[in-house]
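Visitor: Before anything else, here's the structure in question.
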Amino acid sequence: MLSIARNSLRHTINRMFVARSAHQVEWTFQALEPHISEQIMKLHYTKHHQTYVNGLNAAEEAYAKTPSTKEKIALQSALKFNGGGHINHSLFWKNLSPVNEDGGKLSQGPLKDALERDFGSVDEFKKRFNAATAAIQGSGWGWLGYNPATQKLEIVTTPNQDPLISHAPIIGVDIWEHAFYLQYLNAIWNVINFKEAEHRFLEAAE
Amino acid sequence: MDDQCHPIPHYTLPRLPYAYDALEPYISKEIMELHHLKHHQGYVDALNKIEVELAKPPTFDYYAGRQDPEDLQDRIVLQAAFFFNIGGHVNHSLFWKNLAPHTKDGVNGGGVLREGSLEEAIVQYFGCFDRFKKTFDSATLGIQGSGWGWLVRLNLSTGGLEIVTTVNQDRLLAHFPIIGVDIWEHAYYLQYKNVKAEYLENIWNVINFEEAQMRFDEAKKLYEEGRKKSEAGSGSDV
Chain A
250 MLSIARNSLR HTINRMFVAR SAHQVEWTFQ ALEPHISEQI MKLHYTKHHQ
300 TYVNGLNAAE EAYAKTPSTK EKIALQSALK FNGGGHINHS LFWKNLSPVN
350 EDGGKLSQGP LKDALERDFG SVDEFKKRFN AATAAIQGSG WGWLGYNPAT
400 QKLEIVTTPN QDPLISHAPI IGVDIWEHAF YLQYLNAIWN VINFKEAEHR
450 FLEAAE
Chain B
27 MDDQCHPIPH YTLPRLPYAY DALEPYISKE IMELHHLKHH QGYVDALNKI
77 EVELAKPPTF DYYAGRQDPE DLQDRIVLQA AFFFNIGGHV NHSLFWKNLA
127 PHTKDGVNGG GVLREGSLEE AIVQYFGCFD RFKKTFDSAT LGIQGSGWGW
177 LVRLNLSTGG LEIVTTVNQD RLLAHFPIIG VDIWEHAYYL QYKNVKAEYL
227 ENIWNVINFE EAQMRFDEAK KLYEEGRKKS EAGSGSDV
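From first to last, the protein sequence lines are chains A and B. Position one of the first sequence corresponds to residue 250 (the working numbering), numbered consecutively onward. Position one of the second sequence corresponds to residue 27 (the working numbering), numbered consecutively onward.
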């Protein structure tokens, strides 16, 4: 009985790419072409993200089983790395969308206003975002985050798989080489889901 | 802005000691070309730009009586960029040298560690070569992010062989590198995708053990010299 209860708490990948109808399973990986290739999407989702989920489940299971504080401390980095990897990628899939579903389109609204207020213009924001993420020395993530203290939108980076904690994440971009290497220098702005971003912004700004 | 007393340092991309396809099938020509001509060149280009910036004299705020704080902040950022890029340049320069086309006997090429002081030391510290390989691979696979796996020789304290990992482009400072493996995704992704373990399994076929032996001998010499100096000096302390 206990194992059933425990299994129901195991993490699974947010089923973003499961078919809405049975024969649509495969096409969703290619939905972001030509900006992000099907090959990258498949690998990124079924291998990289899945590995974080597996790692997180294993780490949490070990953590729950051990009475030893020392062991628990030793498991912290696995929890952070895999937990962060799972959180970050789950947010990432949601904040991408195909061009024919308004990916890349930022309509008039509170998010656009806030971007113009805090960066001068949307183009200036994209420029600064790209510069900040290009400057990441190693692996990491670039974020547009909402700072609850200053009530402003800010560009933040986190190293490796550290989750964004200091700000409410509005848009996240994976800057690990696996995210773009097979299709060198893709133009991710064409598939950013600004509708989701605005939704997050409105929630955070309350 | 040229300073005639202190010429601005200039860095160049070192040539590969072999052709771009010489490490096939273990490391593809495509990876070697990108890795050398784009990634490593990128570090070199960045370094040269940074050196020009660093050569500029700091701006002084005469009213405040101190260095302009924005300028100071810029320089701190430049320093961080310098360390990152010099690390990238040094690490990759070492890397090309410690790879070599595969051979069956390890003569004038890579893939086989022949008998000698390095082989003895590996057996001494790890039990056997296979155990050393397994330990190296699991340490390198355990890096959470980008970094390098190194077989090192402590040239200061114990003089022993250790496996050390570094993150991003950090360099070894207290250790003498013997063998280094780049585990940044760009080093293998095009060929091995996410299967890091396969990359590590295959790269052993092109590790230049002759170069490793040479480095080991040099490290040993440095260690002995350092030890003699400290023994000679310790009498006069206390």
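Ideal Cβ placement from N, Cα and C applies to all residues, glycine included. Bear in mind that the values here come from a model prediction, so they are computed numbers and not experimental data.
Just the C-alpha distance for Ala311(A) and Lys246(B), rounded to the nearest angstrom, thanks.
Guide: Each residue's alpha carbon lies about 42 Å from the other.
Visitor: Spatial neighbours of Pro35(B) within its chain, please: CB distance less than 7 Å, with the 5 preceding and 5 following residues excluded, ordered by chain position.
Guide: Correct list, in chain order: Glu77.
Visitor: In chain order, what residues of the same chain have a beta carbon less than 6 Å from the beta carbon of Lys361(A), not counting five sequence neighbours either side?
Guide: Leu355, listed in sequence order.
Visitor: Helix, strand or coil: how does DSSP classify Arg197(B) here?
Guide: Three-state result, Arg197(B): coil.
Visitor: Is DSSP giving Thr129(B) helix, strand or coil here?
Guide: Looking at Thr129(B) - three-state DSSP - the assignment turns out to be coil, as it is neither helix nor strand.
Visitor: Shorter than 8 Å from the beta carbon of Leu360(A) to some beta carbon of chain B?
Guide: So no, Leu360(A) is outside the interface.
Visitor: Decide if the region 324 to 341 of chain A is in contact with the region 359 to 376 of chain A; the criterion is three or more beta carbon pairs, one per stretch, under 8 Å apart.
Guide: Flag = no, the region 324 to 341 of chain A and the region 359 to 376 of chain A do not touch.
Visitor: Distance, Cα to Cα, Ala381(A) vs His260(A)?
Guide: Spanning the two alpha carbons is a distance of roughly 32 Å.
Visitor: Along the region 142 to 171 of chain B, what residues have a CB closer than 8 Å to any CB found in chain A?
Guide: Within the region 142 to 171 of chain B, the qualifying residues are Gln170, Gly171.
Visitor: Please determine whether the Cβ atom of Asp367(A) lies at a distance below 7 Å from any heavy atom of the ligand NAD.
Guide: Questions concerning the ligand NAD fall outside what the structure shown contains, since it holds no ligand whatsoever.
Visitor: Which residue marks the beginning of the beta strand (DSSP E) containing Gly168(B), and which one marks its end?
Guide: First-last for Gly168(B): undefined, no H or E at that position.
Visitor: Apart from the five residues just before and just after Val302(A), which ones in its own chain have a Cβ nearer than 7 Å to its Cβ?
Guide: Counting only Cβ-Cβ distances below 7 Å, and skipping sequence neighbours, we find His260, Thr261, Ile262, His335.
Visitor: Which chain A residues sit within Cβ distance under 8 Å of Tyr215(B)?
Guide: Those are Glu426, His427, Tyr430, Leu431, listed as they occur along chain A.
Visitor: According to DSSP, is Lys82(B) part of a helix, a strand, or is it coil?
Guide: Residue state, collapsed to three classes: coil.
Visitor: How big is the Cα-Cα spacing for Ile461(A) and Glu237(B)?
Guide: This structure cannot speak to residue 461(A), because chain A is shown only from 250 to 455.
Visitor: Give a yes or no on whether the minimum CB-CB distance between His61(B) and chain A is below 8 Å.
Guide: Chain A contact via Cβ: absent.
Visitor: Using the C-alpha atoms, what's the distance from Asn231(B) back to Gly138(B)?
Guide: Sequence inspection shows Val at residue 138(B); the Gly mentioned does not correspond to that position. Distance between the alpha carbons of Val138(B) and Asn231(B) is about 7 Å.
Visitor: Who are the neighbours of Trp210(B) on chain A, taking C-beta pairs under 7 Å?
Guide: Near Trp210(B) (Cβ distances below 7 Å), the residues of chain A are Glu426.
Visitor: Which residues in chain A sit within 7 Å of Asn220(B), going by Cβ to Cβ distance?
Guide: The contacting residues are Leu292, Lys296, His297, His427.
Visitor: Within the continuous beta strand (DSSP E) that includes Asn396(A), where are the two ends?
Guide: Here the beta strand (DSSP E) through Asn396(A) covers 389 to 396.
Visitor: Of the choices Phe110(B), Ser143(B), Lys255(B), whose alpha-carbon is the least far from that of Glu244(B)?
Guide: Considering only alpha carbons, the answer is Ser143(B).
Visitor: Which residues in chain B have a C-beta closer than 7 Å to the C-beta of Ser388(A)? List them in chain order.
Guide: Residues of chain B passing the Cβ test: Gly171, Ser172.
Visitor: Entirely within the region 311 to 382 of chain A and at least 4 residues each: give me those alpha helix (DSSP H) ranges in chain order.
Guide: For the region 311 to 382 of chain A, whole alpha helix (DSSP H) runs of length 4 or above, ordered along the chain, are 318 to 343, 359 to 368.
Visitor: Would you mind giving the Cβ-Cβ distance between Ile419(A) and Leu393(A), rounded to the nearest angstrom? I have them listed as a contact below 8 Å.
Guide: 5 Å between Cβ atoms; contact.
Visitor: For Pro33(B), count neighbouring C-beta atoms within 10 Å of its own C-beta (all shown protein chains included) and say buried if the count is 16 or more, exposed if not.
Guide: Exposed, since its Cβ has fewer than 16 Cβ neighbours within 10 Å.
Visitor: Nearest to Leu49(B) by CA position, among Gln217(B), Asp71(B), Lys254(B), is which residue?
Guide: When only C-alpha atoms are compared, the closest one is Gln217(B).
Visitor: So, under 8 Å CB-CB, Thr192(B) and Trp210(B) are touching, yes? Tell me the CB distance rounded to an integer number of Å.
Guide: Incorrect: roughly 11 Å between the Cβ atoms, too far for contact.
Visitor: For Glu496(A), count neighbouring Cβ atoms within 10 angstroms of its own Cβ and tell me buried if that reaches 16, exposed if not.
Guide: For residue 496(A) there is no data in the structure shown, the boundaries of chain A being 250 and 455.
Visitor: Count the other CB atoms, across all protein chains shown, that sit within 10 Å of the CB of Ser270(A); report buried if there are 16 or more and exposed otherwise.
Guide: Per-residue confidence for Ser270(A) stands at a pLDDT of 37, beneath the threshold of 50, marking its modelled position as unreliable; no derived number is given.
Visitor: Check whether the region 441 to 455 of chain A and the region 341 to 356 of chain A are in contact - that is, three or more C-beta pairs closer than 8 Å.
Guide: Yes, the region 441 to 455 of chain A is in contact with the region 341 to 356 of chain A.
Visitor: Quick check: the Cα distance between Ile385(A) and Arg377(A), rounded to an integer number of angstroms?
Guide: Their Cα atoms are separated by approximately 13 Å.
Visitor: Helix, strand or coil: which one does DSSP assign to Ala258(B)?
Guide: In the structure shown, Ala258(B) sits in a helix (DSSP, three-state: H, G or I).
Visitor: Can you tell which of Glu56(B), His66(B), Ile102(B), Pro51(B) has the C-alpha that lies nearest to the C-alpha of Arg12(B)?
Guide: Given that chain B is displayed from residue 27 to residue 264, the structure contains no residue 12(B) and the question cannot be resolved.
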